[in-house]
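Visitor:
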Amino acid sequence: MTALALGLGLALLLVSLGLLDGGHEQTIADGVRFGPGHVVIQAKGYQDTNSDELLLPARIVSTITDFLQTPNMKRLVRGVSPRLLATGLLSSSANSSGVRIMGVIPLHERAVSLIPQRMIAGTYLTNDNNLTGVVLGDDLARKLEVKIGSKVVLMTQALVPPNTAGKDGSGDEMESTLLRVNGIFRTGLQAVDANIIQVQLPAAQTLLGIADGQVTLVALLLDREGDSPLVARALRKQLAADPVEVLTWRQSIPMLAQILELDHAFNYIMNGVILAMVGLGILNTILMRVLERRYEFGVCKAVGLRPGQLAIMIIGESLALTSISLLLGLALGLSIEHYFASSGLDLRLLFRAGLPPALVFDPILYSRLSLNRIIWSVGIVFMMATVISFYPAFKAARTELPDALKVL
Amino acid sequence: MTQWAVELREVKKTYRTGPIEVPALRGLSLRIAPGEFVATAGPSGSGKTTLLNIIGGLDRADSGEIWVAGKNLQLLSSGDLSELRLLRIGFVFQTYNLLPVLTAFENAEFTLLLQGMPAAQRKARVEKLFSEIGLAGLEHRRPAELSGGQQQRVAVARAMVTEPALILADEPTANLDSASAIALLDVMEHLNRATGTTFIFSTHDPQVLERAHRMIRLQDGQIVSDDTRISRTPDAREATRSA
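Just so you know, the protein sequences line up as chains A and B, in that order.
Each residue of the first sequence is one higher than the last, beginning at 1 in our numbering.
Each residue of the second sequence is one higher than the last, beginning at 409 in our numbering.
The following block contains the structure:
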């Protein structure tokens, strides 16, 4: 029973940690790919004001692109996508809706964003000369009652950076353009599917009256999330003289970081509860075994076993039992973890009514368990079982003679 | 000056259960010389088992002094008492108290293992003893596979195997038939004569009392008679004379 409790406890802990880490890794990966990437470079003040008029000059975009081509950076960065952001009104023959316009270079955006991978109808934008294509989310398409090939009109106000605003009121002009629906995507995130539209960057620049290649931000996707601070630091150093801010995803999407922190804390508590339950199970089982063996211990003490030797014997037995149990638990836990790592846990089975969009975007959750996590888990369960065995050992050492000899 | 195998001075022991107090030993004094073969007798509740438990350090007296192998047991820690039992005292219990998961050989070997004796020496010593007390061939049987007499002989072997100076036996024949009881007494008496080990045992059994060299009768926790029936070993005679 003790071996079973310990083994199952460790297996449960490993599976739980694997799914937790996998979920977090996936959430970060999805979050940054639907958002501004692992690292984002934008005009100074944009994070606080969200003012679309704060733009990055083309010169800085070139500097960034050149810097990211250096060998040290190139091996860390998987994709670079300049984006121009603005708000507008998208109208069809049936309806109108406020939208967030994202002007992108399709080939670059494909390397960074998940939207190109989530097309459910039509195709994503291509780097051809057709500047009239637009892709939009399925919620928005439903609202506007449009399908592939439908015509829509995008209306927006021309962007004029503050330092270039003319006294004559230039920059206040409303601009509109006719676009054709190229593709419809579904991310599962209502905020994206109902609001975001993507058009070719040159089309967006023309529409917004931007002539010199300015963009709102440059989003970077890295090979490893853990390199975000390193890349951000290098870029800050490189762009120290320019009026830009370089943010990691934790700074640019603080809510996601906070949710993950909260989830981490909650899961640590849950794991603590699992460990406590396993610990109490172990304590109860070892203690019962000690009480059941009172007679045996009495005989051992009567023939000369010292109390300390008896305690060491109990702890030794517990350690042996713990080691065997942990091996079994490790085998069981890693087998289950391996299954979830390769086949994944389909959350649609658990959330038939719909997935909660806050954390997990991909409905199939893949387990990820690092060696550190395994060592930590085995270590903590081993330590716990060892510490827990002290009390029964102490109890056994204090077996009272001659009373214990009467039990038979 | 002679060192007694066991010396008790004004030993008192009272058992308490809530407000009820039951005196078991009432200021008992006693001297037993090395090599004696002593029986303690008396009705139930006279203090025989308490006396043996206190001499063996299994229980503590409320007051008085208990000297065994030159040590005052009242001053020893629980660990020191365990060590004294391991090195100097052997126990034979009425209910044998063998470890059911161990074989006869392992039960007898256990105390040697605690002493840290190498395996080869342990094996040789247990085999020799088993052969002397008629247990040869039963080494690999577990207690449940042995008769009461055989189990008690294993218990004697476990008590004897460390070659202690003193063996305490609490009603060792109580659960045995006559033939087994006689056989066990033969073994104990033989070991007493052959090794000079001091034996103190409690009994109700007349045939056991008949074999005792010295008989101490207890009543209400006090000695009411102390008779030497058969001359003791030379060591014991010398010790008594010196005292």
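Where a beta carbon is used, it is the ideal one built from N, C-alpha and C, also for glycine.
The structure displayed is predicted, hence computed values, not measured ones.
Helix, strand or coil: how does DSSP classify D223 of chain A here?
Guide: By one-based count along the first sequence, residue 223 of chain A stands at place 223. D223 of chain A falls in the coil class under three-state DSSP.
Visitor: Please give the ranges of any alpha helix (DSSP H) in the segment 257-334 of chain A, keeping only runs that are unbroken, at least 4 residues long and fully inside the region.
Guide: 294-302, all fully within the segment 257-334 of chain A.
Visitor: Give the DSSP-derived three-state secondary structure of D585 of chain B in the structure shown.
Guide: Translated into positions along the second sequence, residue 585 of chain B becomes position 177. In the structure shown, D585 of chain B sits in coil (DSSP, three-state: anything other than H, G, I, E or B).
Visitor: Spell out the partners DSSP gives Q630 of chain B in its beta bridges.
Guide: The residue given as residue 630 of chain B occupies position 222 in the second sequence. Partner(s): B:Q627.
Visitor: Quick one: what's L371 of chain A bridged to in DSSP?
Guide: To locate residue 371 of chain A, count along the first sequence from 1; it is residue 371. For L371 of chain A, which the question treats as bridged, DSSP gives no partner whatsoever.
Visitor: Kindly indicate the opening and closing residues of the alpha helix (DSSP H) around E517 of chain B.
Guide: Along the second sequence, read from residue 1 onward, the residue named residue 517 of chain B stands at position 109. That run of the alpha helix (DSSP H) goes A512 to Q523.
Visitor: Identify each residue in the segment 481-511 of chain B for which the Cβ-Cβ distance to at least one residue of chain A is less than 7 Å, and report them in chain order.
Guide: For the segment 481-511 of chain B, which is checked against every Cβ of chain A, the residues closer than 7 Å are S486, G487, S490, E491, R493, L494, F499, F501, T503, N505 and L507.
Visitor: Can you tell me whether V244 of chain A is buried or exposed? The criterion is at least 16 other CB atoms within 10 Å of its CB, across all chains shown.
Guide: Counting from 1 along the first sequence, the entry for residue 244 of chain A is found at position 244. With 16 or more Cβ atoms within 10 Å of its Cβ, V244 of chain A is classed as buried.
Visitor: For G443 of chain B, which of helix, strand or coil comes out of DSSP?
Guide: Looking up residue 443 of chain B in the second sequence gives position 35. In this structure, G443 of chain B counts as coil in the three-state DSSP scheme.
Visitor: Does any residue of chain A bring its CB to less than 7 Å from the CB of D585 of chain B?
Guide: Locating residue 585 of chain B in the second sequence gives position 177, where the first residue counts as 1. No - not a single Cβ of chain A is within 7 Å of the one on D585 of chain B.
Visitor: Would you call the CB atoms of F185 of chain A and R118 of chain A closer than 7 Å?
Guide: As a first step, residue 185 of chain A must be located in the first sequence, where it is residue number 185. As a first step, residue 118 of chain A must be located in the first sequence, where it is residue number 118. Closer than 7 Å, so yes.
Visitor: Measuring straight from C-alpha to C-alpha, what distance separates G166 of chain A and Y124 of chain A?
Guide: Reading the first sequence from its first residue, position 166 is the one you call residue 166 of chain A. Reading the first sequence from its first residue, position 124 is the one you call residue 124 of chain A. Here the model assigns G166 of chain A a pLDDT of 48, short of 50, so the residue's position is not dependable, and the following value carries that caveat. About 37 Å.
Visitor: Is the segment 588-608 of chain B close to the segment 555-574 of chain B, with three or more CB pairs under 8 Å?
Guide: In short, these stretches touch, since the Cβ pair count reaches three.
Visitor: Contact check, M155 of chain A vs L89 of chain A under 8 Å by CB: the rounded distance?
Guide: Against the first sequence, residue 155 of chain A aligns to sequence position 155. Against the first sequence, residue 89 of chain A aligns to sequence position 89. Contact flag correct, Cβ pair sits at about 5 Å.
Visitor: With 16 as the cutoff for other CB atoms within 10 Å, does L349 of chain A come out buried or exposed?
Guide: By one-based count along the first sequence, residue 349 of chain A stands at place 349. Under this definition L349 of chain A is an exposed residue.
Visitor: Measuring only the C-alpha atoms, how far is I374 of chain A from Y268 of chain A?
Guide: Here residue 374 of chain A refers to the residue found at position 374 when the first sequence is read from its first residue. Here residue 268 of chain A refers to the residue found at position 268 when the first sequence is read from its first residue. Cα to Cα, I374 of chain A sits roughly 15 Å from Y268 of chain A.
Visitor: In angstroms, rounded to a whole number, what distance separates the CA positions of T49 of chain A and I115 of chain A?
Guide: Taking the first residue of the first sequence as 1, we reach residue 49 of chain A at position 49. Taking the first residue of the first sequence as 1, we reach residue 115 of chain A at position 115. T49 of chain A and I115 of chain A: Cα-Cα distance of roughly 25 Å.
Visitor: What is the DSSP secondary structure of E145 of chain A, reduced to helix, strand or coil?
Guide: Reading the first sequence from its first residue, position 145 is the one you call residue 145 of chain A. Coil.
Visitor: In chain A, what lies closer than 7 Å to N461 of chain B by C-beta?
Guide: Walking along the second sequence from the start, residue 461 of chain B turns up at place 53. Neighbours of N461 of chain B on chain A, chain order: P402.
Visitor: Using only alpha-carbon positions, find the residue among A:A404, A:R398, A:K406 and A:N127 that is nearest to S485 of chain B.
Guide: Numbered from its first residue, the second sequence carries residue 485 of chain B at position 77. Here the closest residue by C-alpha is A:R398.
Visitor: On the three-pair Cβ rule with 8 Å, is the segment 334-350 of chain A touching the segment 17-29 of chain A?
Guide: Touching, per the Cβ criterion.
Visitor: Using the beta-carbon count (16 or more within 10 Å), is D223 of chain A buried or exposed?
Guide: Here residue 223 of chain A corresponds to residue number 223 of the first sequence, with the count starting at 1. Result: exposed.
Visitor: Considering only C-alpha positions, which residue in the set B:M623, B:K420, B:A469 and B:F445 is nearest to L574 of chain B?
Guide: By one-based count along the second sequence, residue 574 of chain B stands at place 166. Comparing Cα-Cα distances from L574 of chain B to each of B:M623, B:K420, B:A469 and B:F445, the minimum goes to B:F445.
Visitor: Using CA coordinates, which residue listed in A:F394, A:V299 and A:L280 is at the minimum distance from M384 of chain A?
Guide: Start at 1 with the first residue of the first sequence, and residue 384 of chain A comes out as number 384. Measuring from the Cα of M384 of chain A, the nearest candidate turns out to be A:L280.
Visitor: Residues in its own chain within less than 8 Å of Q482 of chain B by CB, not counting five upstream and five downstream?
Guide: As a first step, residue 482 of chain B is located in the second sequence; it is residue number 74 there, counting from the start. So the qualifying residues of the chain are R468, A469, G472, E473 and I474.
Visitor: Under DSSP, the beta strand (DSSP E) around F609 of chain B begins and ends at which residues?
Guide: Counting from 1 along the second sequence, the entry for residue 609 of chain B is found at position 201. Looking at the DSSP string, the run of the beta strand (DSSP E) that includes F609 of chain B is T606 to S610.
Visitor: Taking 7 Å as the cut-off, decide whether the C-beta atoms of Q238 of chain A and V135 of chain A are in contact.
Guide: Along the first sequence, read from residue 1 onward, the residue named residue 238 of chain A stands at position 238. Along the first sequence, read from residue 1 onward, the residue named residue 135 of chain A stands at position 135. Taking 7 Å as the Cβ cut-off, Q238 of chain A and V135 of chain A do not qualify as a contacting pair.
Visitor: Per DSSP, what are the beta-bridge partners of W249 of chain A in this structure?
Guide: The residue given as residue 249 of chain A occupies position 249 in the first sequence. Answer is none; W249 of chain A lacks a bridge partner.
Visitor: Which residue comes first and which comes last in the alpha helix (DSSP H) that contains P106 of chain A?
Guide: Taking the first residue of the first sequence as 1, we reach residue 106 of chain A at position 106. Its alpha helix (DSSP H) spans residues P106 to V112.
Visitor: For the segment 491-502 of chain B and the segment 296-311 of chain A, state whether three or more C-beta atom pairs, one from each stretch, are separated by less than 8 Å.
Guide: Yes, the segment 491-502 of chain B is in contact with the segment 296-311 of chain A.
Visitor: Less than 7 Å between the C-beta atoms of D420 of chain A and D193 of chain A, yes or no?
Guide: Absent from the model: residue 420 of chain A. The displayed extent of chain A is 1 to 408, so no value can be given.
Visitor: Hey, is V407 of chain A's beta-carbon within less than 7 Å of any beta-carbon in chain B?
Guide: Here residue 407 of chain A refers to the residue found at position 407 of the first sequence. With a pLDDT of 48 at V407 of chain A, under the threshold of 50, the predicted position of this residue should be treated as unreliable, and no value is reported.
Visitor: Is it buried or exposed for A544 of chain B, if we count other Cβ within 10 angstroms and need 16 for buried?
Guide: If you number the second sequence from 1, residue 544 of chain B lands on position 136. Exposed, because fewer than 16 other Cβ atoms sit within 10 Å of the Cβ of A544 of chain B.
Visitor: Taking the CB atoms as reference points, tell me whether L326 of chain A and V278 of chain A lie closer together than 7 Å.
Guide: To locate residue 326 of chain A, count along the first sequence from 1; it is residue 326. To locate residue 278 of chain A, count along the first sequence from 1; it is residue 278. Result no, Cβ atoms of L326 of chain A and V278 of chain A do not sit closer than 7 Å.
Visitor: Return the chain-ordered list of same chain residues with a C-beta closer than 8 Å to the C-beta of S16 of chain A, the five sequence neighbours on each side being excluded.
Guide: Taking the first sequence and counting its residues from 1, one reaches residue 16 of chain A at position 16. Contacts found: N267, M270, N271 and I274.
Visitor: May I ask you to check if the CB of D578 of chain B is nearer than 6 Å to at least one heavy atom of the ligand ATP?
Guide: The ligand ATP is absent from the structure shown, which contains no ligand whatsoever.
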